[in-house]
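> Those letters in the sequence shown? Residues 1047 to 1387, per my numbering, in order. Just so you know, even glycine gets a beta-carbon here, dropped at the ideal spot from N, CA and C.
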Amino acid sequence: MKNLKRKISEFEYWPAWIFYAPFVPYWIWKSIQSLSFSYFCKVNPGVEFGGFLNYSKFEILNQIPEKFKPETHFIKNKSHIKKILPNEELDGAFPFIVKPDFGERGRNVELIKNKTDWENYPLNKDLIIQEFIDFPLEFGVFYAKMPNENSGKIISITGKEFLTYRSDGRTPLRKFIENHPRTKRRKGYLNEKFKNQLDEIPKKNEKILLELIGNHNRGTRFYDASELISKKLSDRIDEISKQISGFYYGRFDVKANSAKEFQNGEFKVLEVNGANSEPTHIYDSKYTLTEAYKEVKKHFDIQYRIARQNPKTYSSIRFYRSVMEHIFKLTGKNGRILPME
């Protein structure tokens, strides 16, 4: 019974298809009302499929003014990095972030610290190269705007606590990785990454940042930070959103130097997610499954209302063909979904 309760309370780690299965009848009902089984694609008519899948994150970022984002480049394949960073300048560019232009859930997002990291990076096409922003705080800011209104608003904020080892002066890193609940899906990766430090015992209170990619699949703890919503922050997000063609609904992943600066609208946008955005604040441990589902429904209802106000239509056949192609890419030879990084 205890194991069952723990599995239910840890819905953060459920496969997406299980977590969202109860909403299938609701989606069918909304589809009937909309006369379209892909109505949600209309939520952001300026983005491919509304930003549900197979959309270019670089194309969205490219519409945001430079002052609000890290220096960001798109390269068709790894060898094209020489077009933006000649070989003699590459060493000076480290560290930088690389991620797939068409990606999700933090998969294959990596910090590249040197040429060896770059050579070992597994993907070789359609990549985003991004300046590494070494700010301590990261947030997911969920935004929505009704097409018939002049301004949008922030409807939730997720704070992110990166996976960090704080030494007690007695426990080696190996034991922390072995026992911490947020490392159990990343043990092999972390053991390899810190193989030269595993048996060391750092001084008491010394910190080792184990993962700096803000995704819960990589050990980051999400918490509800919606109390940080302020007028200055809302105005800034609204200002940026209006620069993105046909964008009304989604989540901005941003970094800030402090909570105060964040509330004052001072941050850098790392990426923007569209119709597939999750209200990730629901993964705060204070939320029960019932409460989380209430939040998801609230966000879905807002999405539906926006989609109904947008006149653009999508071919459901084209969309679901794309879904099947996407699933095929994520599956191995045995037909199972490959694990996220």
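1) Nearest by alpha-carbon distance to K1097: which of P1193, F1083, V1318 is it?
2) Identify whether A1271 lies in helix, strand or coil by the three-state DSSP scheme.
3) Taking G1180 as part of the beta strand (DSSP E), name the residues at either end of that continuous run.
4) If we ignore side chains and look at the alpha-carbon of each, how far apart do P1146 and H1119 end up?
5) What first and last residue would you give for the alpha helix (DSSP H) that runs through G1205?
6) Give a yes or no on whether the C-beta atoms belonging to R1220 and L1255 are separated by under 8 Å.
7) Going along the chain, which residues of its own chain have a beta-carbon closer than 7 Å to the beta-carbon of I1223, five neighbours each way excluded?
8) Would you verify that the beta carbon of I1328 is, or is not, closer than 8 Å to some beta carbon of chain C?
9) For Q1289, count the other beta carbons within 10 Å of its own beta carbon; 16 or more makes it buried, fewer makes it exposed. Which is it?
10) Take the Cβ of L1279 as the centre, count every other Cβ of all protein chains shown within 10 Å, and call the residue buried at 16 or more, exposed below.
11) I'd like to know whether the C-beta atoms of T1326 and T1210 end up nearer to each other than 8 Å.
12) Between A1139 and the rest of its own chain, which residues show a CB-CB distance below 8 Å, the 5 nearest in sequence each way excluded?
13) If distances are taken between C-alpha atoms only, which option among K1241, R1216, A1271 comes closest to K1250?
14) Taking its Cβ as the centre, do 16 or more other Cβ atoms sit within 10 Å of P1091, making it buried, or is it exposed?
15) Quick one: which unbroken alpha helix (DSSP H) runs of 4-plus residues sit fully inside the region 1219–1280? Chain order, please.
16) Determine the direct distance from the alpha carbon of F1240 to that of T1162, and round the result to whole angstroms.
17) What first and last residue would you give for the alpha helix (DSSP H) that runs through L1335?
18) If you draw a straight line from the C-alpha of S1084 to the C-alpha of A1190, how long is it?
19) Can you tell which of N1356, S1323, E1337 has the C-alpha that lies nearest to the C-alpha of F1188?
20) How many angstroms separate the CA atom of F1065 from the CA atom of I1259?
21) Within the continuous alpha helix (DSSP H) that includes E1105, where are the two ends?
22) Apart from the five residues just before and just after W1164, which ones in its own chain have a Cβ nearer than 6 Å to its Cβ?
23) If I follow the unbroken beta strand (DSSP E) through N1123, where does it start and stop?
24) Identify, in the order they occur along the chain, each residue of the same chain with its Cβ nearer than 7 Å to the Cβ of Q1109, setting aside the five sequence neighbours on each side.
With the structure as the only source:
1) A quick correction: the sequence has Gly, not Lys, at residue 1097. Among P1193, F1083, V1318, the Cα nearest to that of G1097 belongs to V1318.
2) Three-state result, A1271: coil.
3) Correcting the residue type first, residue 1180 is Asp in the shown sequence and not Gly. Unbroken run through D1180: none, as it is neither H nor E.
4) One alpha carbon belongs to P1146, the other to H1119, and they sit about 12 Å apart.
5) Taken as a continuous stretch (DSSP letters only), G1205 belongs to no alpha helix (DSSP H), being part of the beta strand (DSSP E) at 1199–1207.
6) no
7) T1229, K1233, L1236, N1237
8) The structure shown contains no chain C; it is built from a single protein chain.
9) exposed
10) buried
11) Taking 8 Å as the Cβ cut-off, T1326 and T1210 do not qualify as a contacting pair.
12) L1131
13) R1216
14) buried
15) 1219–1225, 1233–1239
16) Rounded to the nearest angstrom, the two C-alpha atoms are 16 Å apart.
17) 1335–1355 is the extent of the alpha helix (DSSP H) around L1335.
18) 19 Å
19) That would be S1323, whose Cα lies nearest to the Cα of F1188.
20) 23 Å
21) 1103–1107
22) I1158
23) 1118–1123
24) The answer, listed in chain order, is Q1289, I1290, S1291.
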